[in-house]
Each structure stands twice: as C-alpha cells, then as structure tokens.
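With this note's numbering applied, the sequence shown corresponds to residues 239 to 384, in that order. No residue lacks a Cβ here, since even glycine has one placed at the ideal position from N, Cα and C. Owing to the predicted nature of the structure, the values given are computational and were not obtained by experimental measurement. All remarks here apply to the structure that follows.
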Amino acid sequence: MSLKRLEVERRIRKHHTSPKEVSGLSKIAERDLADSKANNISYDRKFATAYNAILVLATTLLYCKGYQSWGKGHHHTIFEAMKIILGKNYNELADYFDACRIKRNITDYDAAGMISEKEFNEIFKEAENFYDFVKRWVKEKYPRYI
239 MSLKRLEVER
249 RIRKHHTSPK
259 EVSGLSKIAE
269 RDLADSKANN
279 ISYDRKFATA
289 YNAILVLATT
299 LLYCKGYQSW
309 GKGHHHTIFE
319 AMKIILGKNY
329 NELADYFDAC
339 RIKRNITDYD
349 AAGMISEKEF
359 NEIFKEAENF
369 YDFVKRWVKE
379 KYPRYI
C-alpha cells in the first residue's frame, strides 16, 4: 500500500498545509490531552478525548505529507496512512490506535461504561508518547511547518 494507492482509492486527497494549521493541530492535541485528565468525567469520555488527540496527531503526519483523509472511514484511513508514512516499525502502534477507534465508536454510539481505568491509562500514556514523537518528527522532517 502507498499514499498514491490511497489517493487512487479516493480515501485521501491532496492537501496543502501550513505552519498555522500544524500549530493548530498541535494545540488541539494539547487541549485534548489536558482535558482527558479531568476528574469529573467518565473513563469513556477520557478515553475518547485521548483518542481524539491521537487522531489529530496522526492527521498531522498525513498533512505534512501533502494529503488529507476524506470520505467514509476516514479515521481508519488515517491509521493506514500512518503505517505508510512511518514504516513497518509503527504498524503495531497504528493497529493499537485503530483498535482504540473501534472502542471509541462503541462508547460514543452503542454503550456507556465500556472503558476501564486501566484502558484509559494505557491510551493516555500512548497519546502522550505519540504527541512527543510527532512534535520531534515534524521538527526533524518538516521544519518548514514549525
């Protein structure tokens, strides 16, 4: 699979990003990481908010490569693109994020109380680590967007 293939399949399209847009995505991720630590919300909501930070960070990778996801299943597409952009060493992490997408969908649309404290703590730790990674990645590979 390649980004060109995803484009041919009409799962991504060309997108020209900017330092302002990349900064805005970073601020959204920072906000969501901070909000997911709130004490007065359920683990379902904490999980969904941490997931959103991850989604925005993975979107940043795609934007820097000159694309954006679109159409049905765009969250899944973002994690597929993440595998292409970062390579095989990140496939397991992208698969974990995609599994979190499915859990988030269940808690948002089907059932409440599905996320445990342990599951939240796990996604939060991964989200923080991914935030640090993406910030370094952009700085090293796409400094024009800083």
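So I340 is in the alpha helix (DSSP H); what residue range does that whole segment cover?
329 to 347
Relative to the alpha-carbon of P381, which residue among S261, L271, T345, E355 has its alpha-carbon at the smallest distance?
S261
Determine the burial state of K284: buried for a count of at least 16 other Cβ atoms within 10 Å of its Cβ, exposed for fewer.
buried
Report all residues from its chain with a CB closer than 6 Å to the CB of I344; omit the five preceding and five following residues, and keep chain order.
Non-local beta-carbon contacts of I344 in its own chain, meaning distances under 6 Å to residues more than five positions away in sequence, involve M352 in chain order.
Please state whether DSSP places K252 in a helix, a strand or coil.
strand
Report the residue ranges of all alpha helix (DSSP H) runs contained in full by the stretch 243 to 313; include only those spanning at least 4 residues, in chain order.
257 to 273, 281 to 302
Which of the three DSSP states is assigned to Y369 in this structure?
helix
If you draw a straight line from the alpha carbon of W308 to that of H253, how long is it in whole angstroms?
11 Å
Okay, do the stretch 328 to 343 and the stretch 267 to 274 touch, 3+ Cβ pairs below 8 Å being the bar?
By the Cβ test, the stretch 328 to 343 is not in contact with the stretch 267 to 274, since fewer than three Cβ pairs between them sit closer than 8 Å.
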